[in-house]
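One line per chain: the protein sequences are W and U, in this order.
First residue of the first sequence: 55, per our numbering; consecutive thereafter.
First residue of the second sequence: 55, per our numbering; consecutive thereafter.
Glycine included, C-beta positions come from ideal geometry on N, C-alpha and C.
Below is one structure, written out as structure tokens; comments come after it.
2 protein chains.
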Amino acid sequence: MKVFIPRKTLSEGISLLERVIPSRSANPLFTYLGLEVRPQALVLFGTNGEVDLEVRLPADGEGEGRALVPAQPFFQIVRSLPGEGVEASFAQELLLSSGSFQTRLGLAPVEGYPELLFPEPTKGGEGPFPVRTHLPLGEFLKALAHVRYAASNEEYRAIFRGVQLEFGSKGVRAVASDGYRLALYDLAEPQPFERKAVVPARSVDEMVRALRGVQEAGEVHLALGPGMIGVSGGAEGGLSVRMAARLMEGEFPDYERVVPKEFALKVALEADPFREALRRVSVLSDRQNHRVDLLFTEGSKLLLSAEGDYGRSQEELSVAFEGTPLLVAYNARHLLEALGPVEGGVELLISGPTSPSLLQAGGGYRAVVAPLRV
Amino acid sequence: MKVFIPRKTLSEGISLLERVIPSRSANPLFTYLGLEVRPQALVLFGTNGEVDLEVRLPADGEGEGRALVPAQPFFQIVRSLPGEGVEASFAQELLLSSGSFQTRLGLAPVEGYPELLFPEPTKGGEGPFPVRTHLPLGEFLKALAHVRYAASNEEYRAIFRGVQLEFGSKGVRAVASDGYRLALYDLAEPQPFERKAVVPARSVDEMVRALRGVQEAGEVHLALGPGMIGVSGGAEGGLSVRMAARLMEGEFPDYERVVPKEFALKVALEADPFREALRRVSVLSDRQNHRVDLLFTEGSKLLLSAEGDYGRSQEELSVAFEGTPLLVAYNARHLLEALGPVEGGVELLISGPTSPSLLQAGGGYRAVVAPLRV
Chain W
55 MKVFIPRKTL
65 SEGISLLERV
75 IPSRSANPLF
85 TYLGLEVRPQ
95 ALVLFGTNGE
105 VDLEVRLPAD
115 GEGEGRALVP
125 AQPFFQIVRS
135 LPGEGVEASF
145 AQELLLSSGS
155 FQTRLGLAPV
165 EGYPELLFPE
175 PTKGGEGPFP
185 VRTHLPLGEF
195 LKALAHVRYA
205 ASNEEYRAIF
215 RGVQLEFGSK
225 GVRAVASDGY
235 RLALYDLAEP
245 QPFERKAVVP
255 ARSVDEMVRA
265 LRGVQEAGEV
275 HLALGPGMIG
285 VSGGAEGGLS
295 VRMAARLMEG
305 EFPDYERVVP
315 KEFALKVALE
325 ADPFREALRR
335 VSVLSDRQNH
345 RVDLLFTEGS
355 KLLLSAEGDY
365 GRSQEELSVA
375 FEGTPLLVAY
385 NARHLLEALG
395 PVEGGVELLI
405 SGPTSPSLLQ
415 AGGGYRAVVA
425 PLRV
Chain U
55 MKVFIPRKTL
65 SEGISLLERV
75 IPSRSANPLF
85 TYLGLEVRPQ
95 ALVLFGTNGE
105 VDLEVRLPAD
115 GEGEGRALVP
125 AQPFFQIVRS
135 LPGEGVEASF
145 AQELLLSSGS
155 FQTRLGLAPV
165 EGYPELLFPE
175 PTKGGEGPFP
185 VRTHLPLGEF
195 LKALAHVRYA
205 ASNEEYRAIF
215 RGVQLEFGSK
225 GVRAVASDGY
235 RLALYDLAEP
245 QPFERKAVVP
255 ARSVDEMVRA
265 LRGVQEAGEV
275 HLALGPGMIG
285 VSGGAEGGLS
295 VRMAARLMEG
305 EFPDYERVVP
315 KEFALKVALE
325 ADPFREALRR
335 VSVLSDRQNH
345 RVDLLFTEGS
355 KLLLSAEGDY
365 GRSQEELSVA
375 FEGTPLLVAY
385 NARHLLEALG
395 PVEGGVELLI
405 SGPTSPSLLQ
415 AGGGYRAVVA
425 PLRV
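Given below as structure tokens:
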């Protein structure tokens, strides 16, 4: 069994798998990369036990079969190959040649390797992923990228260490929270089924990375089964990816009740200048709570100010607002994180100086940010 | 006292001082940045106790005087200023304004700050730096960049943790060694005095960084005094830097005797393809000694090969050589480090499989690399 593949194509493929395959693992087989030769393709696969990833690359194969190579040396070698093309032939060892360079890599027996289950995009309603749908890929990536920051990093926060995907007749929602803050992103893509699935935040990161690699495909296929989510995308005959991720058990507690509904002040801002002013002013803020005061005054003025051990800073912005001018204080970091993925216009909806505010941006993004009690 | 300065100019100045001024120090005053307002300039200065650096920036000053600001918050604020220009006015506090942003930073009293002694380029033969010379700046930087890697990182290696500069009638030489390897770079710039000065490797790094900031100046002024070296460069009325560094006590033991003089094989190589082949082949090399074999054979062939736990690699290069074909093994890392700064052609002069080799490149660079005893 043998395969010919352009070096560039192979490099693209391994850049997607590089992060998933661990360099060390309690299960040494996880540190291996799987290679499957097919007549028109080289399929790379790997797992870290939480996420399984398969990348299909167009290639010229002779014979069919699978092999396992030690991933880290393989990645390093491929990155530095001298030729435009690569020939890989499999026997007792993998013989890789490119230009005047040759390498022989030991293979591990494929028998012990865990079976990776991926949804077949063409088959629905059966197998380990009975529920199927598809979404605009760009929108799906946007939803994940907008809420990811709000997921908890703390071990004991269990379910909050994931991003909840909600499918239903109203559309698809991605939501994340660490119990203190909340971010959600709604896609107006009504679904014929109701389902909630909590994907571990780290697996969300791998999912985003893998799907960005096939972004031009335009669509992502989603597949849900007991305790598993599958995503796939890519071009027929070109680069395509399939990923399966373990889901977390359980679902988020009712979070709708913390989303404020009534507001004393509605402010329209441009994300970029607001973000930059926040960053500048907060340099001198208190190192414990990163407090920044936002003082809204008549004449469409917003004065940002902060004070700490080294001194104090302030900056004035012109903003449009409706409602009662007031003073409200935030942890600048929380506000910056909530603003993180937003471009263009953003609305800051303030309930009052002591109750949660809502940050809202076009395209279905809402974030709950609690003011500092001062 | 007050100064107006373009934000970009101030940022450039700060980028040179940022690495020198520590964010923490046993002497808290070292974490402060000095600012000196002059009629046509803003002078920034700082020290880490080993290296003192002064950066002169063209600016529009009113009044004259010095102030100390906490460096880290000042750096962070300047990096994010919104306007094209910055106004800094000094009173009880520093009031910094740019666009609609204002900050007040607390000042520290300048009285406790150590006196920084820099050579005055215009005055020679007196003060703390009696010996003066100047060199082409680009060449001086090249010399430092070529030998720096060979300096020791180990605490107990004392003098080998520095780069020795040698001034004399034959020219100027930079040399570094860790006792196992040796790198030297000769500048054909005869000097009317004989002197050796060992600059700590870390101070060499700061020196290179600061002088790169004024590279277009074309010349560097060097000044030597008891236990100190000063360097300065820059444009009259533009950005200029002055640095003073403590020297290490003592000098290198006689190293000339380890530089091989007779060779069994002289090989002409191109640095880039040789380096890349070494990198590729060494991926699979033994993880302890990174052994790569170089086999020279009739027909101007060089076969590089390496073997380790995962497998083995080889690559053939066409090279020109004179002498007896032979097999020699090196630690690939040592060879790569010695090749590090070299561009274009390089000569590998091999005494034999068990005695030191010499790597030599145009412009005065020589590196001694010991083969692995196999």
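Cutoff 9 Å: residue i Cβ touching any chain W Cβ
i, result
"S134(U)", "yes"
"Y167(U)", "no"
"D232(U)", "no"
"L370(U)", "Per the sequence shown, the amino acid found at residue 370(U) is Glu instead of Leu. Yes, E370(U) lies at the interface with chain W (some Cβ there is under 9 Å from its Cβ)."
"A367(U)", "Position check: residue 367(U) holds Ser in this sequence, whereas Ala was assumed. With 9 Å as the cut-off, S367(U) counts as an interface residue toward chain W."
"D363(U)", "yes"
DSSP three-state assignment for residue i, whether helix, strand or coil
i, result
"L64(U)", "helix"
"F172(W)", "coil"
"M55(U)", "coil"
"Q342(W)", "coil"
"A80(W)", "coil"
"K355(U)", "strand"
"D106(W)", "strand"
"V262(W)", "helix"
"A242(U)", "coil"
"Q156(W)", "strand"
"E330(W)", "helix"
"V130(U)", "A quick correction: the sequence has Gln, not Val, at residue 130(U). Residue state, collapsed to three classes: helix."
"T85(W)", "helix"
"V312(W)", "helix"
"G192(W)", "helix"
"V185(U)", "strand"
"V382(W)", "strand"
"L70(U)", "helix"
Buried versus exposed call for residue i [16 or more other C-beta atoms within 10 Å across all chains shown]
i, result
"E316(U)", "exposed"
"S286(W)", "buried"
"E165(W)", "exposed"
"P395(U)", "buried"
"F194(U)", "buried"
"A299(U)", "buried"
"N385(W)", "buried"
"A322(U)", "exposed"
"A242(U)", "exposed"
"F247(U)", "exposed"
"V428(U)", "exposed"
"T408(W)", "exposed"
"A331(W)", "buried"
"Q368(U)", "buried"
"V185(W)", "buried"
"E90(W)", "buried"
"G36(U)", "A query on residue 36(U) cannot be resolved here, the shown segment of chain U reaching from 55 to 428 and no further."
"V57(U)", "buried"
CB contact below 9 Å: residue i versus chain U
i, result
"Q130(W)", "yes"
Which of the residues in the stretch 137-170 of chain U, read from start to end, lie with their CB under 7 Å from any CB of chain W? Flagged, chain order: E147, S154, F155, Q156, T157, R158, L159 and G160.
Got a sec: which bits of the stretch 317-347 of chain W sit with their beta carbon under 9 Å from any beta carbon on chain U, in order along the chain? P327, E330, A331, R333, R334, V335, V337 and L338
With 7 Å as the limit, tell me which residues of the stretch 183-194 of chain W have their beta carbon closer than that to any beta carbon of chain U; keep them in chain order. none
Touch test, the stretch 347-359 of chain W against the stretch 368-381 of chain W, Cβ-Cβ under 8 Å, three pairs minimum: yes
Okay, do the stretch 133-142 of chain W and the stretch 61-69 of chain W touch, 3+ Cβ pairs below 8 Å being the bar? These segments touch.
Please list the residues of the stretch 100-128 of chain U that have a C-beta atom closer than 8 Å to any C-beta atom in chain W, keeping them in chain order. P124 and P127
If contact is defined by three or more beta carbon pairs under 8 Å, each pair taking one atom from either stretch, is the stretch 194-208 of chain U in contact with the stretch 255-265 of chain U? Enough Cβ pairs lie closer than 8 Å, so yes.
Would you call the stretch 300-307 of chain U and the stretch 214-224 of chain U touching, i.e. three or more CB-CB distances under 8 Å? When C-beta atoms of the stretch 300-307 of chain U are compared with those of the stretch 214-224 of chain U, three or more pairs fall below 8 Å, so the two segments count as touching.
Is it a yes or a no for the stretch 201-208 of chain U touching the stretch 234-253 of chain U, going by three-plus beta-carbon pairs under 8 Å? yes
On the three-pair Cβ rule with 8 Å, is the stretch 273-285 of chain U touching the stretch 116-128 of chain U? no
Any contact of the stretch 105-114 of chain W with the stretch 67-85 of chain W, i.e. 3+ C-beta pairs under 8 Å? yes
If we count Cβ pairs, one from each stretch, closer than 8 Å, do we get three or more for the stretch 413-420 of chain W versus the stretch 388-405 of chain W? Under the Cβ criterion (8 Å, minimum of three pairs), the stretch 413-420 of chain W counts as touching the stretch 388-405 of chain W.
Could you check whether the stretch 144-161 of chain U touches the stretch 248-256 of chain U, counting it as contact only if at least three pairs of C-beta atoms, one from each stretch, sit closer than 8 Å? No, the stretch 144-161 of chain U does not touch the stretch 248-256 of chain U.
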